[in-house]
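Here is the structure we will look at, set down as structure tokens.
Residue numbers (the working numbering): 2 to 343.
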């Protein structure tokens, strides 16, 4: 597998993580309450019962890691951590997130820190060490555009486009040999049961292709963050068949089947006795305990933030929500991966 495929594989696993979180269905209860009789007895039944029913707020952590072992070892770790609170399906959730990336990949040293804080009447952005806040008029214009786009099903400016496309996704479609792996507790003390399964990476790649075919908006978003076009995904699938050594998915569920964590771990043999390890980890804590995101102010000039994205105020005024959202996704992905020209 060529080094240029490393990012593609990571983004494929990231897309599968989105599909799994958004598409997992089942007989879920009320987001961690005491209203259900419990999980099915069989490991496969537990996996099928995975859901996010009733989850309106919480603390989420998403980690993506790449380790390349060999003569020139490389590693990169990307992490998203923070709180969310859903308000309405056609309104962006309240968010307080930190987005970071550090390490070395393909010869690039990477150090990046950013994060949005979205409240009803204020958006603040921490980007590369500075905190920005649009003026009131700019905020109202941006908010109007972005929130209008959330009502456009499958639109590229709808942050939930890939979530909507994944509604028919079933975990059973991409795993084999589900087994029970034990009981335990989450970081916030919630009791969970854990199941593991072999991940069918070819089926997972096919699922990513389906997401793009199902929704033009999701396809545009996947391309913006670096998921390659179908022909390259199919080539990646062929390359993996001869070099994949392990692919594993582990799920931890509370007694209502609410997904509290998952871990995807993939190992690939590379030429010259090298090995690639890619891992995606998600944790969900404090379910329905987050009541509000914190208050903050930005002090750096808003036009300076636009410049980071290659824009000016007039560009934003003329752009629609799709152009704004796709541009943000592309710049963030470039910074996270240390890509040139970002």
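We put the beta carbon where it would ideally sit given N, CA and C, even for glycine.
The structure displayed is predicted, hence computed values, not measured ones.
Secondary structure at residue 162: helix, using DSSP grouped into helix, strand and coil. For residue 175, no beta strand (DSSP E) run applies, since DSSP gives it neither H nor E. Excluding the 5 residues flanking it on each side, residue 177 has same chain C-beta neighbours closer than 7 Å at 198, 199 and 201, in chain order. Secondary structure of residue 273 (DSSP, three-state): coil. Runs of the beta strand (DSSP E) spanning 3 or more residues and lying entirely within the region 184-251 occur at 192-200, in chain order.
Burial state of residue 16 is buried, judged by a 10 Å Cβ sphere holding 16 or more other Cβ atoms. Apart from sequence neighbours up to five positions away, the residues of its chain that approach residue 119 with a beta-carbon distance below 7 Å are 93, 95 and 96, ordered along the chain. One alpha carbon belongs to residue 234, the other to residue 206, and they sit about 7 Å apart. Cβ atoms of residue 98 and residue 83 come within 8 Å of each other, at about 4 Å. In the displayed model, residue 70 falls within a strand according to three-state DSSP. Contact between residue 275 and residue 70 holds: CB atoms are separated by about 6 Å, below the 8 Å threshold. Counting every other CB atom within 10 Å of its CB across the protein chains shown gives residue 213 a total of 16 or more, marking it as buried. In this structure residue 290 is exposed. Its beta-carbon is surrounded by fewer than 16 other beta-carbon atoms within 10 angstroms.
In the displayed model, residue 46 falls within a helix according to three-state DSSP.
As computed with DSSP, residue 63 is found in a beta bridge with 81 and 283. With respect to residue 60, residue 287 sits close: the two C-beta atoms are nearer than 7 Å.
Less than 7 Å separates the beta-carbon of residue 67 from that of residue 77. Assigned with DSSP and collapsed to three states, residue 18 falls in helix.
Between residue 53 and residue 259 a beta carbon distance of about 6 Å is seen, short of the 8 Å cut, so the two are scored as contacting. In the DSSP assignment, residue 118 falls within the unbroken beta strand (DSSP E) covering 109-119. Contact between residue 183 and residue 191 does not hold, since the beta-carbon distance rounds to 15 Å and is not under 8 Å. Separation of the CB atoms of residue 157 and residue 243 is rounded to 35 Å, and the pair is thereby denied contact status at 8 Å.
Between residue 321 and residue 146 the beta-carbon gap is near 7 Å, inside 8 Å, which marks them as a contact. A distance of 7 Å or more separates the beta carbons of residue 106 and residue 279. Scanning its chain for C-beta atoms nearer than 7 Å, with the 5 sequence neighbours on each side dropped, one finds around residue 298 the residues 125 and 134, in chain order. Taking every protein chain shown into account, the CB of residue 180 has fewer than 16 other CB atoms within 10 angstroms, so this residue is exposed.
Residue pairing by DSSP places residue 265 opposite 250 and 281 in a beta bridge. The distance from the Cβ of residue 300 to that of residue 132 is about 6 Å, consistent with a contact at the 8 Å cut-off. Counting every other CB atom within 10 Å of its CB across the protein chains shown gives residue 327 a total of 16 or more, marking it as buried.
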